[in-house]
Structures are given as C-alpha cells and as structure tokens.
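All residue numbers in the sequence shown are consecutive under the numbering used here, ending with 287.
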Amino acid sequence: MIIRDGTVAARVARSRLAGALMSPRGGVSDEELRAAVAGRTVLVTGASYGLGAATARMLADAGATVLMTARTASALAEVADGRGHCYPADLSDPDAVGALAARVLAEHGPPDVVVSNAGKSIRRTLAASRFHDFQRTAAVNYLGPVRLLLDLLPAMRERGSGHLVNVSTIGVLVPPGPRWAAYQASKTAFDVFFRSAAMEAAADGVTATSIYMGLIRTRMSAPTASLANAPGQTPDEAARVVARAIVKRPGKISPWWADLAELGSAVSRRPWEAAVKWRPRT
6 MIIRDGTVAA RVARSRLAGA LMSPRGGVSD EELRAAVAGR TVLVTGASYG LGAATARMLA
66 DAGATVLMTA RTASALAEVA DGRGHCYPAD LSDPDAVGAL AARVLAEHGP PDVVVSNAGK
126 SIRRTLAASR FHDFQRTAAV NYLGPVRLLL DLLPAMRERG SGHLVNVSTI GVLVPPGPRW
186 AAYQASKTAF DVFFRSAAME AAADGVTATS IYMGLIRTRM SAPTASLANA PGQTPDEAAR
246 VVARAIVKRP GKISPWWADL AELGSAVSRR PWEAAVKWRP RT
C-alpha cells in the first residue's frame, strides 16, 4: 500500500514502515520469551535509559531476574521500580567494572544471559576533537565491556551454559563516515573482540549473538539533527530484537540489507571515500 496522504498520521505510518524495513526484526512472542528467561538471571548494561531500560522492563515482565547496571543510581531505581536489581557502575572505570562483576558473581552466580548494551555516541570533527573524546568513547564502548566479559565468562564457561548478546550498530558493517571516527572505531573494536571471544566460549556451551542495530530513537541519537527524519525504531521495538537474540540465539541479527552493504563496502572503498570527501564548515 502506498500512503500519499500528507497528514501527521500518514507521515507517522510512513516513518514506521521505513523503520521496519531498515531495522532488524524481532518476531518472538511473549510466551517464547517467558519460556526462555523466566527464573533465569539476565545482566543488562546501560539499563537506565533507551533500549537498555526497555530491555530490562521487558525481561522483568517475562519473569527474569534482571540485574541492571548504568552510571546513574536514581535512573536505575526508576527503571527497576522494584522489579530488578540495581548495580550502579561506570563502565569507563576498570575498577568499578571489576567490582560490579565480583558483586554479580557473589550475589547471583554466573548470569544466564549478558546483554552488552551500554554505549557512548559521539559525532564530532577531528578539528573539534580531543584525545579524551577517543579515550572516553573507547572506555565505554570497548574496554569496559571487555573487562566485564573477561570477569564473568570464566564462571559461565565452567558452568557450561549461558548466552552473550552484543548490541552493536550497523555502523560496524558499513564504510566509515566523517565525524564518526571515535564511535565507529570503538564499536568495531568490541565487535571483533566479541566475535573472537564467542568462538572460544562456544567450546564450553556459551553461545553469542551480535545484533547490528539501525537507528534507535533515544536521547543518544537526538542531538544529531541529520537523524531526525531517518527511519528508525523506538526503544520498545528494538527491545523485541534483543528478545529474538535471547530466544533464538542466532550468531548474527542485522537488517536485511546489511549483508549487501558489508559486501559492497569491500569492493567500493575508493568510490565511497571519493564520494564523501568532506570539509567542515568553519
């Protein structure tokens, strides 16, 4: 059906349709999710806002014991609303991450599922960037999640079961773009670590899913004006994709066009870089 109406309702409908076409799909029922997580322990990072909060609420409603971590204790408490366990921690602080993992293992044992969702987005020209921008982005998007999995995985592997979910970005699969150097580099680094670690952990019964999300309309994407009219998902819609990862446990979830984009980037590097040669306005 082609929607030609110019009303607000029609524009919203077109936006939702475009978002559904350009984003990875969910597709599991509440009953399937409950069967997969009820009575099990799930750790969700970045659980205070956006996709992390939506995922934590969804899993709690499905009967999981949800361990929620993020920097802001008050925001975590609001999301939990008595239905989850709050573990305030800053993923950019290695000592805080080590303490978080130790508490989780001491109080709940090895988690059944770990959802690595926390992330920091930054869109900034090199001229306006400082080394600290890259350090902070890498600490949250790469080194912090690495430390957490290094501390949790031994107990999960010893038990012989568990599932890891990396909420990555389609930006890992497409060619790099101007202003996104810090973000794309850090997310790509963790993606490579995660896929490598997954191959080792699989030998001990721990499975893993990499999710390459499209645009999710959250406070993290809001400051980028160019994304305002781009097709995307709500946090609740994206949480259903995480549900699919937990229930079905595929190795990879991505939008239908991602494989084409990934293949195309391998043969079109020079044309792409020529097309986006860019000079910031001064």
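Every residue, glycine too, gets a C-beta built ideally from N, C-alpha and C.
Through-space distance from residue j to residue i, alpha-carbon basis
{"i": "residue 28", "j": "residue 216", "result": "11 Å"}
{"i": "residue 44", "j": "residue 69", "result": "5 Å"}
{"i": "residue 256", "j": "residue 214", "result": "4 Å"}
{"i": "residue 91", "j": "residue 135", "result": "33 Å"}
{"i": "residue 250", "j": "residue 203", "result": "14 Å"}
{"i": "residue 130", "j": "residue 211", "result": "40 Å"}
{"i": "residue 152", "j": "residue 178", "result": "24 Å"}
{"i": "residue 74", "j": "residue 113", "result": "14 Å"}
{"i": "residue 182", "j": "residue 87", "result": "42 Å"}
{"i": "residue 201", "j": "residue 79", "result": "35 Å"}
{"i": "residue 89", "j": "residue 160", "result": "22 Å"}
{"i": "residue 132", "j": "residue 139", "result": "13 Å"}
{"i": "residue 147", "j": "residue 115", "result": "21 Å"}
{"i": "residue 158", "j": "residue 262", "result": "32 Å"}
{"i": "residue 192", "j": "residue 37", "result": "30 Å"}
{"i": "residue 199", "j": "residue 93", "result": "23 Å"}
{"i": "residue 40", "j": "residue 108", "result": "27 Å"}
{"i": "residue 164", "j": "residue 117", "result": "10 Å"}
{"i": "residue 265", "j": "residue 137", "result": "35 Å"}
Per-residue DSSP class, three states only, for residue i
{"i": "residue 122", "result": "coil"}
{"i": "residue 57", "result": "helix"}
{"i": "residue 259", "result": "coil"}
{"i": "residue 213", "result": "strand"}
{"i": "residue 160", "result": "helix"}
{"i": "residue 43", "result": "coil"}
{"i": "residue 77", "result": "coil"}
{"i": "residue 169", "result": "strand"}
{"i": "residue 148", "result": "helix"}
{"i": "residue 176", "result": "helix"}
{"i": "residue 70", "result": "strand"}
{"i": "residue 38", "result": "helix"}
{"i": "residue 33", "result": "coil"}
{"i": "residue 48", "result": "strand"}
{"i": "residue 17", "result": "Any reading at residue 17 must be qualified, since the residue scores a pLDDT of 44, below 50, and its modelled position is unreliable; the value itself is stated next. Here residue 17 sits in helix by DSSP."}
Among the options, nearest to residue i - alpha-carbon criterion
{"i": "residue 106", "options": "49, 141, 143", "result": "49"}
{"i": "residue 218", "options": "195, 245, 200, 259", "result": "259"}
{"i": "residue 47", "options": "264, 167, 198", "result": "167"}
{"i": "residue 189", "options": "148, 128, 199, 201", "result": "128"}
{"i": "residue 111", "options": "205, 220, 156", "result": "156"}
{"i": "residue 104", "options": "83, 154, 85", "result": "154"}
{"i": "residue 195", "options": "209, 84, 205, 173", "result": "173"}
{"i": "residue 99", "options": "62, 84, 149", "result": "149"}
Integer Cβ distance of residue i from residue j, believed to fall under 8 Å
{"i": "residue 247", "j": "residue 170", "result": "6 Å"}
{"i": "residue 142", "j": "residue 187", "result": "4 Å"}
{"i": "residue 72", "j": "residue 244", "result": "Incorrect: roughly 16 Å between the Cβ atoms, too far for contact."}
{"i": "residue 33", "j": "residue 64", "result": "In fact, because the Cβ distance is near 13 Å, the residues do not count as touching under 8 Å."}
{"i": "residue 35", "j": "residue 67", "result": "7 Å"}
{"i": "residue 237", "j": "residue 122", "result": "About 16 Å; that fails the 8 Å criterion."}
{"i": "residue 81", "j": "residue 53", "result": "5 Å"}
Cutoff 6 Å; reference residue i; Cβ partners in own chain excluding five residues on either side
{"i": "residue 95", "result": "76, 101"}
{"i": "residue 241", "result": "59"}
{"i": "residue 124", "result": "146"}
Cβ neighbours of residue i in the same chain (closer than 7 Å, five flanking residues each side left out)
{"i": "residue 185", "result": "128, 176"}
{"i": "residue 61", "result": "49, 52, 71, 73, 84, 89"}
{"i": "residue 162", "result": "206, 209, 211"}
{"i": "residue 97", "result": "141, 144, 145, 149"}
{"i": "residue 254", "result": "168, 212, 214"}
Chain D contact for residue i (CB, 8 Å cutoff)
{"i": "residue 101", "result": "Checking the listed chains, one finds no chain D in this structure; it contains a single protein chain."}
Own chain partners of residue i with C-beta closer than 8 Å, once the 5 adjacent residues on each side are dropped
{"i": "residue 222", "result": "237, 238, 239, 240"}
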